[in-house]
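For our numbering, count along the sequence shown from 1 and bump the result up by 425. Every residue gets a Cβ at the ideal spot worked out from N, C-alpha and C, and that includes glycine. Encoded as structure tokens, the structure appears first; notes follow it.
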Amino acid sequence: MHSPSPNEIYHTLLDTEAPLGEVFQAVEAWKLLLAEQIGEADKMAENDDVQSQAGVAINVYEAFLCLTDCIRTAGFVRGLAAAVHEAQARFPGECIRILYAGCGPYAALFQPLTSLFSEQEIAVTLIEINSETISMAQKTVEVFGWESYVDGWVEQDLLTWTNLGKPYHVAVTETMQKALVKEGQILNSQHLVTFLCPHGLLVPQEVRITAATTAPEGSPGAKEVSPHLWLSPLADVFKLNLDTVPGFSFPYEYSLDMDKSMVSELEVYLLTEVRVFEDHILHWGDSCLTYPVKVLNGMIPSPSASSIVFRLGPKEHPHWQVGAAS
């Protein structure tokens, strides 16, 4: 049986026309290749999360599991590649400097770039707070001979790091869970953008959190986001992008005005959409990052309520609290 080479794996992941079955097979082959060449992430480390100033930095094993979400992996791989191509168009003739925060045990989003760009075209700085994780990432780069692509390694909490070198053209972090809870995507993004040059690019380009309520099957405007669960959007409660992130602060609050007769009976979910870059999007229900999260389960003991309030915080362990407001 033929074992695909790294470049064959990357080609499939980067191919927007590749059938989902081929993408799944490529991810499985990638996992086997990394296990053989670098070693498997230790399942015994699954309780070894690290608390950062921005939120929880997940352990090396959970970071490895993120790779197995094939739609998520392909979406980020393709989106980052598209962002680098856009950076080349914006900054012609320059070596594109990439800042990759939370690189994980295999620096997975960086790897496919080596099949598209030379070390004269891109240079990457990799940041990781977890010592075991960054050791595996460094071994990955050494084993595959990518040292000439790497501008630097930083084992540090991103929020305590200061860039003393040139600004970056692209900043990328995938330090998130569905609905932007627990991990540090928001504050990590906020810190990353301070290191971008003018017209630099943030990846993902936007994360959008939408409140939705249950709807009858086939209702106009509703979508089946998981088997037999149809949701109708109410409003976007939060957007994380280059425009919103500089002024963000915890705790965050969004108030949604509602008809009083509806507020006490709603089942409310939060839906996540990740626009990695341009048309490379993880839609509702595509990935573990975008599965619906139920935040309000029917009755609220407040007959006078006229709105629903969505609160996100604290910064060390962000989560949503949702309730009625009079």
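Please report the distance separating the alpha-carbon of residue i from that of residue j.
{"i": "Phe-702", "j": "Gln-630", "result": "5 Å"}
{"i": "Asp-711", "j": "Gly-500", "result": "10 Å"}
{"i": "Leu-439", "j": "Pro-537", "result": "8 Å"}
{"i": "Ala-749", "j": "Gln-602", "result": "25 Å"}
{"i": "Gly-646", "j": "Leu-696", "result": "14 Å"}
{"i": "Thr-598", "j": "Gly-446", "result": "27 Å"}
{"i": "Gln-462", "j": "Thr-498", "result": "20 Å"}
{"i": "Leu-490", "j": "Leu-691", "result": "34 Å"}
{"i": "Val-566", "j": "Glu-572", "result": "6 Å"}
{"i": "Met-683", "j": "Lys-664", "result": "21 Å"}
{"i": "Met-469", "j": "Ala-604", "result": "Because Met-469 sits at a pLDDT of 42, beneath the cut-off of 50, its placement in the model cannot be relied upon, and the point is left open."}
{"i": "Tyr-435", "j": "Ala-451", "result": "8 Å"}
{"i": "Val-693", "j": "Gln-615", "result": "28 Å"}
{"i": "Asn-666", "j": "Arg-700", "result": "10 Å"}
{"i": "Asn-432", "j": "Ala-454", "result": "12 Å"}
{"i": "Met-561", "j": "Leu-721", "result": "40 Å"}
{"i": "Ile-634", "j": "Lys-456", "result": "31 Å"}
{"i": "Ile-611", "j": "Thr-585", "result": "15 Å"}
{"i": "Val-795", "j": "Leu-492", "result": "It is not possible to answer for residue 795, since the shown part of the chain is limited to 426 through 751."}
Nearest to residue i by CA position, among the options, is which residue?
{"i": "Ile-521", "options": "Leu-541, Cys-528, Ala-660", "result": "Leu-541"}
{"i": "Gly-590", "options": "Ala-548, Ala-533, Cys-528, His-653", "result": "Ala-548"}
{"i": "Glu-557", "options": "Gly-529, Leu-551, Lys-740", "result": "Gly-529"}
{"i": "Gln-784", "options": "Leu-524, Glu-519, Phe-569, Gly-570", "result": "Outside the shown range of the chain (426 to 751) lies residue 784, about which nothing can therefore be said."}
{"i": "Lys-564", "options": "Tyr-694, Ala-460, Val-699, Gln-746", "result": "Ala-460"}
{"i": "Val-376", "options": "Trp-578, His-624, Thr-638", "result": "Any answer about residue 376 is impossible in this case: the structure gives the chain only from 426 up to 751."}
{"i": "Leu-505", "options": "Trp-745, Ser-560, Asp-704, Asn-588", "result": "Asp-704"}
{"i": "Ser-731", "options": "Ser-680, Val-632, Glu-465, Val-662", "result": "Ser-680"}
For residue i, which residues from the same chain have a beta carbon less than 7 Å from its beta carbon, with the 5 sequence-adjacent residues on both sides left out?
{"i": "Thr-441", "result": "Arg-503"}
{"i": "Leu-654", "result": "Pro-717"}
{"i": "Val-568", "result": "Gln-462, Ile-463"}
Quick one: residues in its chain with C-beta nearer than 6 Å to the C-beta of residue i, no 5 flanking neighbours on either side, listed in chain order?
{"i": "Cys-713", "result": "Asp-494"}
{"i": "Asn-472", "result": "Residue placement at Asn-472 cannot be trusted, given a pLDDT of 49 that sits under 50; the coordinates are not used to answer."}
{"i": "Ile-552", "result": "Ala-526, Val-579, Leu-583"}
{"i": "Pro-726", "result": "In this prediction, Pro-726 has a pLDDT of 49, which is less than 50 and means its spatial position is unreliable; what the coordinates show is noted afterwards. None."}
Tell me which residues share the same chain as residue i and place their Cβ nearer than 8 Å to its Cβ, disregarding the 5 neighbours each side in the sequence.
{"i": "Glu-678", "result": "Val-734, Phe-735, Arg-736, Leu-737"}
{"i": "Pro-676", "result": "Arg-736, Leu-737, Gly-738, Pro-739"}
For my contact list, residue i and residue j are in at a C-beta cut-off of 8 Å; report their separation, rounded to the angstrom.
{"i": "Ala-640", "j": "Ser-657", "result": "4 Å"}
{"i": "Ala-512", "j": "Leu-659", "result": "Actually they do not touch by this definition, with Cβ atoms about 36 Å apart."}
{"i": "Leu-524", "j": "Phe-620", "result": "6 Å"}
{"i": "Val-628", "j": "Ala-514", "result": "The Cβ separation is near 15 Å, so there is no contact."}
{"i": "Gly-577", "j": "Thr-550", "result": "5 Å"}
Should residue i be listed as close to the ligand FMN, given that the test is whether its C-beta is under 8 Å from any heavy atom?
{"i": "Val-718", "result": "Looking at this structure, you won't find the ligand FMN or any other ligand, since it has none at all."}
Residue ranges of each alpha helix (DSSP H) run of no fewer than 4 residues wholly in the region 495-553, ordered along the chain?
-> 495-515
Beta strand (DSSP E) segments (min. 3 residues) lying fully within the region 587-663 | Correct list: 593-598, 621-628, 631-639, 648-651.
Hey, which unbroken runs of the alpha helix (DSSP H) at 4 residues or more fall wholly within the region 432-469?
-> 445-462
Pick out the complete beta strand (DSSP E) segments inside the region 678-715, 3 residues or longer, and give them in chain order.
-> 692-702, 705-707
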